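Protein chains in written order, with my numbering: chain U, 40 to 152; chain L, 55 to 166. Okay, so here's the structure we're looking at.
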């Protein structure tokens, strides 16, 4: 079974700082990896999807990278803003489990004005 | 984001009663999913569907059943609710090929 870990569980940074969120997974035979944000009491919003053949994806101030061999993905947020405060979740699908996503427990990010 | 709605958004029910949660999507996505989210566990897959009347079990399927009679609707039924099923339930739909998933707003279910 795929195990997904996100460390740290919580992170607090001053506004304007660049930051990196980490996601690690145990089975490197993944199909894709997706990053989400979740605001308190809300659903998940898709941020970026990286296919297994890709190394990174970018959207605005966000950049996600994927290193299958080491079982890691990072989400880079440039010039953080208070509106970036949320919980960030990563999810992976494995080749062995088809379209079943396995989620990490998330990193709760607070950006201090 | 995909148009995905869930109903009801909040529900309180008693132990032993059946409960049905509804998910509706307007994106004509082939795949639909039900998850539960609990503190310390993250999101866990309950059941998913890969087409009308085609469903399969996920990681935590015991005590739950699903049905999909139309592309746009995916129902989750708790056959006899228990306190351990108190949770926030999320529905998602996904595209073929990339399997990118889009989530609904969630249903908070409390079983007393």
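Using N, Cα and C, we set each Cβ at its ideal position, and we do this for glycine too. The structure displayed is predicted, hence computed values, not measured ones.
Other residues of its chain near residue i: CB distance less than 8 Å, five sequence neighbours each side excluded
{"i": "residue 101 of chain L", "result": "87, 88, 109, 110, 111, 112, 115, 118, 119, 120 and 130"}
{"i": "residue 98 of chain U", "result": "86 and 87"}
{"i": "residue 142 of chain U", "result": "43, 128, 129 and 130"}
{"i": "residue 52 of chain U", "result": "58, 119, 148, 149, 150 and 151"}
{"i": "residue 148 of chain L", "result": "83, 84, 85, 86, 87, 154, 155 and 156"}
Integer Cβ distance of residue i from residue j, believed to fall under 8 Å
{"i": "residue 80 of chain U", "j": "residue 144 of chain L", "result": "In fact, because the Cβ distance is near 12 Å, the residues do not count as touching under 8 Å."}
{"i": "residue 96 of chain L", "j": "residue 145 of chain U", "result": "7 Å"}
Residue i versus residue j - alpha carbon distance
{"i": "residue 84 of chain L", "j": "residue 95 of chain U", "result": "26 Å"}
{"i": "residue 44 of chain U", "j": "residue 67 of chain U", "result": "13 Å"}
{"i": "residue 55 of chain L", "j": "residue 166 of chain L", "result": "Low confidence applies to residue 55 of chain L: its pLDDT is 49, below 50, so where it sits in the model is not reliable, and the reading given next is rough at best. The straight-line gap from Cα to Cα measures roughly 34 Å."}
{"i": "residue 89 of chain U", "j": "residue 76 of chain U", "result": "15 Å"}
{"i": "residue 87 of chain U", "j": "residue 150 of chain U", "result": "20 Å"}
{"i": "residue 49 of chain U", "j": "residue 126 of chain L", "result": "37 Å"}
{"i": "residue 102 of chain U", "j": "residue 116 of chain U", "result": "7 Å"}
{"i": "residue 91 of chain U", "j": "residue 112 of chain U", "result": "11 Å"}
{"i": "residue 147 of chain U", "j": "residue 93 of chain U", "result": "26 Å"}
{"i": "residue 153 of chain L", "j": "residue 64 of chain U", "result": "18 Å"}
{"i": "residue 159 of chain U", "j": "residue 152 of chain U", "result": "No answer is possible for residue 159 of chain U: the residues shown for chain U start at 40 and end at 152."}
{"i": "residue 150 of chain L", "j": "residue 107 of chain L", "result": "17 Å"}
{"i": "residue 146 of chain L", "j": "residue 61 of chain U", "result": "24 Å"}
{"i": "residue 103 of chain L", "j": "residue 109 of chain U", "result": "31 Å"}
{"i": "residue 100 of chain U", "j": "residue 81 of chain L", "result": "27 Å"}
{"i": "residue 69 of chain L", "j": "residue 98 of chain L", "result": "22 Å"}
{"i": "residue 122 of chain L", "j": "residue 139 of chain L", "result": "21 Å"}
{"i": "residue 104 of chain U", "j": "residue 94 of chain L", "result": "26 Å"}
{"i": "residue 124 of chain L", "j": "residue 136 of chain U", "result": "25 Å"}
{"i": "residue 137 of chain L", "j": "residue 59 of chain L", "result": "25 Å"}
{"i": "residue 128 of chain L", "j": "residue 56 of chain U", "result": "42 Å"}
{"i": "residue 46 of chain U", "j": "residue 79 of chain L", "result": "33 Å"}
Contacts around residue i, its chain only, beta-carbon distance under 7 Å, and the 5 residues preceding and following it disregarded
{"i": "residue 92 of chain L", "result": "141"}
{"i": "residue 132 of chain U", "result": "69, 70, 71, 138, 139 and 140"}
{"i": "residue 120 of chain U", "result": "54 and 150"}
{"i": "residue 18 of chain U", "result": "Given a span of 40 to 152 for chain U in the structure shown, any question on residue 18 of chain U remains unanswerable."}
{"i": "residue 105 of chain L", "result": "84"}
{"i": "residue 107 of chain U", "result": "67, 69 and 91"}
Closer than 8 Å to chain B by CB, residue i
{"i": "residue 68 of chain L", "result": "Looking for chain B here will not work: the only protein chains present are U and L."}
Check whether residue i and residue j have beta carbons under 8 Å apart
{"i": "residue 164 of chain L", "j": "residue 66 of chain L", "result": "yes"}
{"i": "residue 134 of chain U", "j": "residue 69 of chain U", "result": "yes"}
{"i": "residue 159 of chain L", "j": "residue 63 of chain L", "result": "yes"}
{"i": "residue 73 of chain U", "j": "residue 155 of chain L", "result": "yes"}
Beta-carbon contacts of residue i that lie in its chain and below 6 Å, excluding the five residues immediately before and after
{"i": "residue 73 of chain L", "result": "67, 132 and 135"}
{"i": "residue 61 of chain L", "result": "76"}
{"i": "residue 71 of chain L", "result": "135"}
{"i": "residue 78 of chain U", "result": "125"}
Proximity test, residue i beta-carbon vs the ligand GTP heavy atom, cut-off 7 Å
{"i": "residue 119 of chain U", "result": "Because no ligand of any kind appears in the structure shown, any question about the ligand GTP cannot be addressed here."}
#### Entry: Ranges of the beta strand (DSSP E) found wholly within the stretch 65-140 of chain L, counting only runs of at least 3
73-79, 85-92, 96-105, 108-111, 118-124 and 127-132
### Task
Return the chain-ordered ranges of every beta strand (DSSP E) run that is complete within the stretch 68-125 of chain U and spans a minimum of 3 residues.
69-77, 83-90, 95-98, 101-106 and 111-116
### Query
Which ranges does the beta strand (DSSP E) cover as unbroken runs of at least 3 residues, wholly within the stretch 139-163 of chain L, from first to last along the chain?
Runs of the beta strand (DSSP E) inside the stretch 139-163 of chain L: 141-148 and 155-157.
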